[in-house]
Amino acid sequence: AINRAGSLELCRIPTHFCIPKIILAGQGRKFWKVKAGKFSKTPLALPSIICNSIYEIMKIILGSQSKWRKEILERMGYTFEVMVADIDEKAVRFDDPKKLTLALANAKADALFPKIHEEAILITADQVVVCNSGMREKPHNEQQAREFLRSYNQYPVEAVTAVVAVNTANQKRKEGVDIA
């Protein structure tokens, strides 16, 4: 990172998602490539996961066909590849929405991991909606989708989302569940 005095210094960042190969220096969301001790003329816009750090940006693989998840990563400025996990989501069942979404996100990661033969960060996710004490997954058809939307006007709704990130280089896995 570049401190307020303008000199270059290293900052702490969890290293299980980074590999120190490509040297980048910067502050905030602006970074510059460093070659032979000189900064490039044009700053690079990089996502905040590596802000104030000097690390290689690992390849990101989104293990999802969701256009919304893809759009979120694109808006954040990430470059990534999309892979779709071929799993039977109905074979994974839990009554607890947190356990279900986390199990599905992990199943997707487990299905994709053997297909990845390079260092990358694999991101998988799953989401269910809880409405009127019932768990709702993807609607089966347009009519069911309309029914879901109508009921959301009548009852409180919670979206339960699980995300799993796997570093394929060292097989470290981080996971979390959020309720909104």
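If you count by our numbering, then the sequence shown holds residues 176 to 355, one letter each, in order. Positions of the beta carbon are idealized from the N, C-alpha and C atoms, including for glycine.
- Task: Determine, using beta-carbon pairs with one atom in the region 317-336 and one in the region 287-295, whether at least three such pairs fall under 8 Å.
- Result: no
- Rounded separation between Asp263 and Met251 - CA only: Locating residue 263 in the sequence shown gives position 88, counting from the first residue. Locating residue 251 in the sequence shown gives position 76, counting from the first residue. Between Asp263 and Met251, the C-alpha separation is close to 30 Å.
- Item | Contact the region 298-310 vs the region 335-350: 3+ CB pairs below 8 Å | yes
- Using three-state DSSP, classify Ala266 as helix, strand or coil. On the sequence shown, residue 266 is found 91 positions in, with the first residue counted as 1. Looking at Ala266 - three-state DSSP - the assignment turns out to be helix.
- Task: Quick one: grab the DSSP three-state call for Asn281.
- Result: Taking the sequence shown and counting its residues from 1, the one referred to as residue 281 is at position 106. It is helical.
- Task: Only counting runs of 4 or more residues, tell me where the alpha helix (DSSP H) segments fall wholly within the region 269-339, in order along the chain.
- Result: 272-287 and 317-329
- Secondary structure, alpha helix (DSSP H): runs of 4+ residues fully inside the region 239-265: 242-250
- One or two residues paired with Asn342 in a DSSP bridge: The sequence position of residue 342 within the sequence shown is 167, counting from 1. Asn342 is bridged to Ile296.
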